[in-house]
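Presented below is the structure to which this report refers.
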């Protein structure tokens, strides 16, 4: 029951595509991540994923369309839908998704695969 | 799979203590609410509640302490813990909580009781 300061948490890490966990509520982890460049195409068969842009912007690519998101905008990617976030410039994003979810989805793992560490 | 603009959603309503639903992910509703003044003391026996300040600030009062929150700060109120938000000035808050949750908790309902409407 303490104040969680997003700006302060973002100052703790600098690497990209490696979400950090800042809270949990009802089995959902609240994570912060920094995006830069293109991530891997992937899907989560059993989990929806919420992305809220904290700073900057990125594009969520789907196989048949793209959705551009700026600060203060969010999207929910439904379970089972292939997607990949792409950021032309570094941006900061808040995610809400089931605890333990791997960022690279249900396919093969890569050197970027993580379920996040608490900060 | 569309862009949800928080600022635009906040422009749709003006009443206080009446959360609106803007998204759902994994059974959790993402809501926006405007706070002003003091809300009712309440608890949710089976639900954690996440509050993220979008604009302004408010204080989350507990029976034994208070936590002040400003824009860009968040708190998770664990299930079963009595709390009431108090805002000296109007503020805007993003909430994440199980779909159907009543804002006044598990106690008696009041004229402010709602689980929120989609906008």
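Chains as they are written, first to last, in the numbering used here: chain A, 6 to 124; chain B, 6 to 124. All C-beta atoms in this analysis are idealised placements derived from N, C-alpha and C, irrespective of residue type, glycine included. Given the structure is predicted, the values throughout are model-derived calculations rather than measurements.
- Proximity of chain B to residue 42 of chain A at the Cβ level (cut-off 8 Å) is not reached, the minimal Cβ distance being about 21 Å.
- Listed in chain order, the positions of the stretch 53 to 75 of chain A with a beta carbon within less than 9 Å of a beta carbon of chain B are 53, 54, 55, 57, 59, 65, 67, 70, 72, 73, 74 and 75.
- Cβ atoms of residue 102 of chain A and residue 48 of chain A stay farther apart than 8 Å, at about 13 Å.
- Membership of residue 107 of chain A in any alpha helix (DSSP H) is not indicated, and neither H nor E is assigned to it by DSSP.
- Secondary structure of residue 25 of chain A (DSSP, three-state): strand.
- Residue-level contact by beta carbon fails for residue 87 of chain B and chain A, as no gap is shorter than 8 Å.
- Boundaries for residue 76 of chain A: no beta strand (DSSP E) harbours it, and the DSSP string shows neither H nor E there.
- Taking 8 Å as the CB threshold, residue 121 of chain B stays off the interface with chain A.
- In the three-state scheme derived from DSSP, where H, G and I count as helix and E and B as strand, residue 17 of chain A is classed as coil.
- Rounded to the nearest whole angstrom, the CA to CA distance from residue 99 of chain A to residue 73 of chain A is 16 Å.
- Taking C-beta atoms as the reference points, residue 40 of chain B and residue 96 of chain B count as a pair closer than 8 Å.
- The alpha-carbon separation between residue 36 of chain B and residue 105 of chain A amounts to approximately 24 Å.
- About 7 Å separates the Cβ atoms of residue 54 of chain A and residue 30 of chain B, confirming a contact at the 8 Å cut-off.
- Counted as a single uninterrupted DSSP element, the stretch harbouring residue 7 of chain B is not any beta strand (DSSP E), since DSSP gives it neither H nor E.
- In the DSSP annotation of this structure, the continuous segment of the beta strand (DSSP E) that includes residue 64 of chain A starts and ends at 62 to 67.
- Taking 9 Å as the Cβ-Cβ cut-off, the stretch 15 to 38 of chain A approaches chain B at 27, 28, 29, 30, 31, 32, 33 and 35, given in chain order.
- With a cutoff of 8 Å on beta-carbon distance, residue 82 of chain B and residue 66 of chain B are scored as not near each other.
- Annotation: the continuous beta strand (DSSP E) that includes residue 42 of chain B extends over 33 to 43.
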